[in-house]
Amino acid sequence: LLLCLFVTFSSMNLFMFYLFFEMSLIPILFLIIGWGVQPERMIAGLYLLFYTFLVSLPMMVSLFYLYKNLYSLDFYFFRILDSMLLYFGLNLVFFVKIPMFLIHLWLPKAHVEAPIAGSMILAGVMLKLGGYGLLRVMKLFLKVGVTFNMVIILISLIGSVIISLMCVRQSDMKILIAYSSVSHMGLVLMGIMTLNYWGVWGSLVLMLAHGLCSSGLFCLANLSYERTHSRSIYINKGMMNIMPSLALWWFLMCSSNMAAPPSLNLLGEILLINSL
C-alpha cells in the first residue's frame, strides 16, 4: 500500500498514476473482506469494488485516446483539453474516490465494515487520493471547466447540507464519522472546482486537516467500542465520569472536526468559503 501511494503521489506519467491509483484499492479491499467482523463485509467490499471499477473503465479509455493523439502520457506534454467526454472520463474516478454526493454510497458501508486500520487508512489517505488526482487533472480542463464546474459545485453544496442533516439522526458512531467525511470532502471538491488560488489552497489545507482529524475520530470510536462493545452513541454517553482522558480526546477531535479556532480545519474552511 505504501509503495502504491508513494508512486501515485510522485508519478509524472498519467498511466503510471492511474495504475498505482487503482492498485492502492486492493489492500483496502483485503482489509475489509479479511479482517472485517460482520458478514455484511462482503457486500461492502463488492460496493467498493464495483463503484471503483465501473468508473475506472472510462478513465482507461480516455488514457488510450490521449495516447493515440499525443503519443505520450507525461504531464509535461499535455495541453489544455476541451473535450466534454474526456472531462467526465478522466474525472469520474476521482469524483467516486473523493466521494462526491450521489456516488458516495460505498463509503459509509466500507467504513462500517472495515477494521480500525482499514477505516483510518480509508479516511486518512484514500479519500485524499481522489482530491490529489483532481488537482493534477483539473488544470487540463480550464475551458470545459467553465461550463461544468458550476454544476458539480452546486451538487456538492446541496449534498454537503443534506448529509450534514443526515448526520444529526445517526446513532452509529462509525456511520456518523463516515457521513461527516462525505460532507467535508464535498467542501474540498467545491474548492478544487472553483480553480482559483484560494480554492486550491483551501482544499489542500482541508484535506490535510481532515485526514488527521477523521483518522483520529475513527481511532477514538474504536477505543470506545472496545470498552463498551457497542458503537451506539446512546450506550457510549456519560463517558466523562468513567474515562475522562478519552472524553477529552473526543472533545478535541470533535471540535477540530467542526473547525473550532485553533484547528487547521478552520483555516481550510475560511479559504474555501473565500474562494466560493
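Throughout the sequence shown, residue numbering follows the working numbering, covering 1123 to 1398 in sequence.
Yeah, the Cβ is synthetic: ideal placement off N, Cα and C, and Gly gets one too.
Small disclaimer: the values here were computed from a predicted structure and weren't measured.
Whole-angstrom distance between residue j and residue i, CA atom to CA atom
| i | j | result |
| --- | --- | --- |
| Asn1396 | Leu1124 | 35 Å |
| Ile1274 | Asn1363 | 45 Å |
| Glu1348 | Ile1357 | 13 Å |
| Met1248 | Val1234 | 16 Å |
| Cys1126 | Met1329 | 19 Å |
| Leu1192 | Leu1141 | 19 Å |
| Ser1354 | Phe1373 | 17 Å |
| Leu1176 | Arg1201 | 27 Å |
| Ser1178 | Pro1221 | 14 Å |
| Phe1217 | Leu1326 | 16 Å |
| Leu1098 | Tyr1254 | Any answer about residue 1098 is impossible in this case: the structure gives the chain only from 1123 up to 1398. |
| Leu1386 | Leu1168 | 35 Å |
| Trp1157 | Leu1398 | 41 Å |
| Leu1264 | Asp1204 | 8 Å |
| Leu1151 | Leu1170 | 8 Å |
| Val1129 | Glu1144 | 12 Å |
| Ala1232 | Ala1343 | 15 Å |
| Phe1186 | Ile1284 | 38 Å |
| Met1295 | Glu1391 | 24 Å |
| Thr1269 | Asn1318 | 15 Å |
| Phe1172 | Pro1366 | 42 Å |
| Gln1292 | Phe1139 | 37 Å |
Outcome for residue i when other beta-carbon atoms lying within 10 angstroms are tallied against a minimum of 16
| i | result |
| --- | --- |
| Glu1162 | exposed |
| Pro1230 | buried |
| Leu1276 | exposed |
| Met1206 | exposed |
| Tyr1189 | exposed |
| Leu1147 | buried |
| Ile1165 | exposed |
| His1351 | exposed |
| Asn1271 | buried |
| Leu1298 | buried |
| Ser1431 | Missing from the structure shown is residue 1431; the chain here goes from 1123 to 1398 and no further. |
| Lys1081 | Outside the shown range of the chain, which is 1123 to 1398, sits residue 1081, and nothing can be said about it. |
| Lys1359 | exposed |
Residue i - partner residues in DSSP beta bridges
| i | result |
| --- | --- |
| Asp1294 | Ser1354 |
Start-to-end residues for the alpha helix (DSSP H) that takes in residue i
| i | result |
| --- | --- |
| Ser1133 | That residue, Ser1133, is in no alpha helix (DSSP H); it is neither H nor E in DSSP. |
| His1399 | With the chain represented from 1123 up to 1398, any question about residue 1399 goes unanswered, as that position is not in the structure. |
| Asn1379 | Pro1366 to Asn1379 |
| Arg1201 | Here Arg1201 belongs to no alpha helix (DSSP H), and DSSP marks it neither H nor E. |
| Phe1186 | Arg1163 to Leu1192 |
| Lys1261 | Element bounds for Lys1261: n/a, residue is neither H nor E. |
| Gly1240 | Ile1238 to Ile1243 |
| Pro1149 | Leu1147 to Trp1157 |
| Ser1397 | Leu1386 to Ser1397 |
Heavy atom of the ligand HEM within 6 Å of residue i beta-carbon
| i | result |
| --- | --- |
| Ile1238 | Looking for the ligand HEM in the displayed structure turns up nothing, as the structure carries no ligands at all. |
Chain B contact for residue i (CB, 7 Å cutoff)
| i | result |
| --- | --- |
| Tyr1347 | Absence of chain B from the displayed structure is noted, only one protein chain being present. |
Inset, instruction - State whether the region 1299-1308 contacts the region 1210-1229, with contact taken as three or more CB pairs (one from each stretch) at a distance under 8 Å. - result: Yes, they touch.
Legend entry - Cβ pair count under 8 Å reaching 3, the region 1173-1185 against the region 1207-1221: Between the region 1173-1185 and the region 1207-1221 there are three or more C-beta pairs closer than 8 Å, enough to call the two in contact.
Inset, instruction - May I ask you to verify whether the region 1280-1293 touches the region 1370-1385, counting CB pairs closer than 8 Å and requiring at least 3? - result: No, because fewer than three Cβ pairs between the region 1280-1293 and the region 1370-1385 fall closer than 8 Å, the two stretches do not touch.
Inset, instruction - Count the CB pairs spanning the region 1135-1143 and the region 1192-1203 that are closer than 8 Å, and state whether there are at least three. - result: The region 1135-1143, when compared against the region 1192-1203, does touch it at the 8 Å Cβ threshold.
Legend entry - Segment contact flag, the region 1333-1341 with the region 1311-1323, C-beta cutoff 8 Å, min 3 pairs: They do not touch, by the three-pair rule.
Inset, instruction - Could you tell me whether the region 1317-1333 touches the region 1256-1273, using the rule of 3 or more Cβ pairs below 8 Å? - result: Short answer: they touch.
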